[in-house]
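A quick write-up on the structure given underneath.
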Amino acid sequence: MKIKNKKKVAIITGGSRGIGFECAKKLASEGYNVAICSRSQGELKYASNFLKKKYNISCFYMTMDASKIENVKQFVNQVIKKYKYVNVLINNCGIQLNKKFEKLSFDELQSVIQINLFSYIYFSKLVGSQMIKQKQGKIINISSVLSKFPLIGRLPYSIAKSGIDALTRSIALEWSKYNIICNSINPGHISTNLIKKDINRGLISTKELKQRSITNSIGTLEDVSNFVLFLVKYGSNFQTGQSYYVDGGFSIKK
Ligand code: NDP
30 MKIKNKKKVA IITGGSRGIG FECAKKLASE GYNVAICSRS QGELKYASNF
80 LKKKYNISCF YMTMDASKIE NVKQFVNQVI KKYKYVNVLI NNCGIQLNKK
130 FEKLSFDELQ SVIQINLFSY IYFSKLVGSQ MIKQKQGKII NISSVLSKFP
180 LIGRLPYSIA KSGIDALTRS IALEWSKYNI ICNSINPGHI STNLIKKDIN
230 RGLISTKELK QRSITNSIGT LEDVSNFVLF LVKYGSNFQT GQSYYVDGGF
280 SIKK
């Protein structure tokens, strides 16, 4: 199933800010039409207007909770109805809760895993059905260095992220025959709201975050989005099922 002379299409979950928005910009700059979602209407509207104006592309957006299967179905159905084809899925939306295991409620445990892992499973399955029909697709899962190297206070986050790495390998294995490649990118600390929240609450300092890398630095949005672009643009069927660390050496220091 090939649609000729059409712009390529990428879905980016959590595309309203941070790493997701940066990836949306990167793909839009390559001429992709993009579809983004998150819970905050205001940020989505801003991101969509920015992308359309700056890159002269089409941007579909929907306010939704990616941890809810009915929301995900509605979003994916509307994207497919509008664009008829999905070349790339970037699973990116996520939250982090910095709290020790013994202090976490069962609701908190469940909600972190639901948002960080189940949303990736839902999107992969629903968008994957379309990619199977197309016999083409690229799925990139934004995981974390914490999938393998835990930090105190991030238990459900680490569980979800290691689940994402397993999801990546399983999708690669099952869907290679449909010409679908799937990889994850595992960032170290990147300068976004996710870590700024912890800094502002006094849970960690910028100095400590930097010291976890061997470069004594915090990563930039472009450190991640450039790697995403590399996989989207140059990733071949031979590069699949992998977890690529973009972490300033955090993982080798552990
Ligand atoms: P941000 O908080 O800046 O962005 C998170 C995005 O996810 C926002 O668009 C947010 O929008 C969206 N989101 C969160 N929960 C939901 C939900 N239930 N439904 C729909 N959208 C949701 O963080 P980052 O850009 O840093 O995070 C992006 C990804 O990168 C995450 O998966 C994170 O785990 C991963 N990562 C980040 C690192 C870092 O140091 N920053 C390090 C390693 C991995 P809204 O809140 O409006 O819903």
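So the sequence shown is numbered by our numbering: it starts at 30 and just counts up by one.
C-beta atoms are modelled at their ideal positions from N, C-alpha and C, and glycine is treated no differently.
Return the chain-ordered list of same chain residues with a C-beta closer than 7 Å to the C-beta of residue i, the five sequence neighbours on each side being excluded.
| i | result |
| --- | --- |
| residue 256 | 214, 273, 275 |
| residue 155 | 101, 102, 105 |
| residue 84 | 57, 58 |
| residue 138 | 185 |
Assuming residue i is part of the beta strand (DSSP E), what are its boundary residues?
| i | result |
| --- | --- |
| residue 179 | From DSSP, residue 179 is part of no beta strand (DSSP E); its letter is neither H nor E. |
| residue 170 | 166-171 |
| residue 66 | 62-67 |
| residue 95 | No beta strand (DSSP E) holds residue 95; DSSP gives it neither H nor E. |
| residue 40 | 38-42 |
Just reading off the alpha helix (DSSP H) that residue i is part of, what are its end residues?
| i | result |
| --- | --- |
| residue 160 | 148-163 |
| residue 78 | 70-84 |
| residue 105 | 98-112 |
| residue 122 | Unbroken run through residue 122: none, as it is neither H nor E. |
| residue 141 | 135-142 |
| residue 205 | Here residue 205 belongs to no alpha helix (DSSP H), and DSSP marks it neither H nor E. |
| residue 57 | 47-58 |
Less than 7 Å between the CB of residue i and some heavy atom of the ligand NDP, yes or no?
| i | result |
| --- | --- |
| residue 241 | no |
| residue 134 | no |
| residue 107 | no |
| residue 99 | no |
| residue 93 | yes |
| residue 176 | no |
| residue 158 | no |
| residue 68 | yes |
| residue 171 | yes |
| residue 187 | no |
| residue 72 | yes |
| residue 121 | yes |
| residue 184 | no |
| residue 49 | yes |
| residue 43 | yes |
| residue 196 | no |
| residue 221 | yes |
| residue 216 | yes |
| residue 230 | no |
Who are the Cβ neighbours of residue i in its own chain at under 8 Å, not counting the five residues just before and after it?
| i | result |
| --- | --- |
| residue 220 | 247, 248, 249, 250 |
| residue 238 | 218, 224, 228, 247 |
| residue 74 | 90 |
| residue 262 | 59 |
Give every residue of the same chain whose Cβ lies closer than 6 Å to the Cβ of residue i, excluding the five residues on either side of it in the sequence, and list them in chain order.
| i | result |
| --- | --- |
| residue 198 | 270 |
| residue 87 | 62 |
| residue 201 | 211, 269, 270 |
| residue 232 | 127 |
| residue 252 | 275 |
Measure the beta-carbon distance from residue i to residue j and round it to whole angstroms, keeping in mind my assumption that it falls under 8 Å.
| i | j | result |
| --- | --- | --- |
| residue 260 | residue 167 | 7 Å |
| residue 187 | residue 179 | 5 Å |
| residue 279 | residue 234 | Contact flag wrong, Cβ pair sits at about 16 Å. |
Kindly provide the ranges of any beta strand (DSSP E) runs that are 3 or more residues long and lie completely inside the region 225-279, ordered along the chain. 272-275
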